[in-house]
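Participant:
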Amino acid sequence: MRFDGDSLDIIDANNNIVASYGALSGPYGNGPLPEGVWTLSNIIKLENNLYVKDGVGFWGLLYPQFRTERSGIGIHPDGGVRGTRGCIGLTGNASELNDFYNRIHDYIYRSSSCNAHNFINVYVDY
Numbered sequence: 015m016r017f018d019g020d021s022l023d024i025i026d027a028n029n030n031i032v033a034s035y036g037a038l039s040g041p042y043g044n045g046p047l048p049e050g051v052w053t054l055s056n057i058i059k060l061e062n063n064l065y066v067k068d069g070v071g072f073w074g075l076l077y078p079q080f081r082t083e084r085s086g087i088g089i090h091p092d093g094g095v096r097g098t099r100g101c102i103g104l105t106g107n108a109s110e111l112n113d114f115y116n117r118i119h120d121y122i123y124r125s126s127s128c129n130a131h132n133f134i135n136v137y138v139d140y
């Protein structure tokens with residue numbers, strides 16, 4: 015995936031955009047997500063949480079692949095007050111949020127093996 019501050023794009027092996035979602039990061043806390051490569055290896059559904067928008071909630075924890083003081087950063091719907099504390103907040107409607115969740119969840123857990131687990135690199139470049 016690729017995040018540029020305005021959209022989060024799912025890209026294929028040939029660097030083609032497969033899907034694109036409106037997204038933002040910051041300005042609260044320590045500001046926007048630091049540039050670099052982050053890894054997403056899990057995504058879970060949530061209910062009754064700040065990470066719910068239009069009835070759709072999920073959380074995917076991002077792990078930096080570089081040194082940073084930042085932690086507890088993830089991808090989630092941008093519910094409540096517009097903006098995040100450094101996470102990637104998806105700004106789309108329920109249909110777009112469900113589409114994102116399903117694509118990412120299916121990719122991470124696509125193997126039939128119970129132990130199968132894929133990860134996704136998220137390239138952040140403003």
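Under this note's numbering, read the sequence shown as residues 15 to 140, first letter to last.
Backbone N, C-alpha and C define an ideal beta-carbon position, used for all residues, glycine too.
Note the first and the last residue of the continuous alpha helix (DSSP H) segment covering Phe72.
Facilitator: Position 58 of the sequence shown, counted from the start, is the residue given in the question as residue 72. No alpha helix (DSSP H) holds Phe72; the beta strand (DSSP E) holding it covers Val70 to Pro78.
Participant: Ends of the alpha helix (DSSP H) at Ile118?
Facilitator: What you label residue 118 is simply residue 104 of the sequence shown in a count that begins at 1. It spans Ala108 to Ile122 - the alpha helix (DSSP H) in which Ile118 sits, taken as one unbroken run.
Participant: Does the ligand ADP have even one heavy atom less than 7 angstroms from the beta-carbon of Ile31?
Facilitator: Among the components of this structure there are no ligands whatsoever, and the ligand ADP is therefore not found.
Participant: In or out: Ser39 buried (at least 16 other Cβ within 10 Å) or exposed?
Facilitator: Here residue 39 is taken as the residue at index 25 of the sequence shown, counted from 1. Buried, by the Cβ-count rule.
Participant: Verify whether the separation of the beta carbon atoms of Thr121 and Asn132 is less than 8 angstroms.
Facilitator: As a first step, residue 121 must be located in the sequence shown, where it is residue number 107. As a first step, residue 132 must be located in the sequence shown, where it is residue number 118. Correcting the residue type first, residue 121 is Tyr in the shown sequence and not Thr. Result yes, Cβ atoms of Tyr121 and Asn132 sit closer than 8 angstroms.
Participant: Using the C-alpha atoms, what's the distance from Ala27 back to Gly86?
Facilitator: The sequence position of residue 86 within the sequence shown is 72, counting from 1. The sequence position of residue 27 within the sequence shown is 13, counting from 1. Approximately 28 angstroms between the Cα atoms of the pair.
Participant: Specify the secondary structure class of Gly50 as computed by DSSP and reduced to three states.
Facilitator: Here residue 50 refers to the residue found at position 36 when the sequence shown is read from its first residue. Residue state, collapsed to three classes: strand.
Participant: Check the DSSP bridge columns for Arg16 and list the partner residues they point to.
Facilitator: Numbered from 1 along the sequence shown, position 2 holds the residue referred to as residue 16. Beta-bridge pairing links Arg16 to Asp23 and Tyr137.
Participant: By the 10 Å Cβ neighbour count, where 16 or more other Cβ atoms means buried, how is Pro91 classified, buried or exposed?
Facilitator: Sequence index remark: in the sequence shown, residue 91 carries index 77 (1-based). Classification of Pro91: buried, given that the 10 Å Cβ count is 16 or more.
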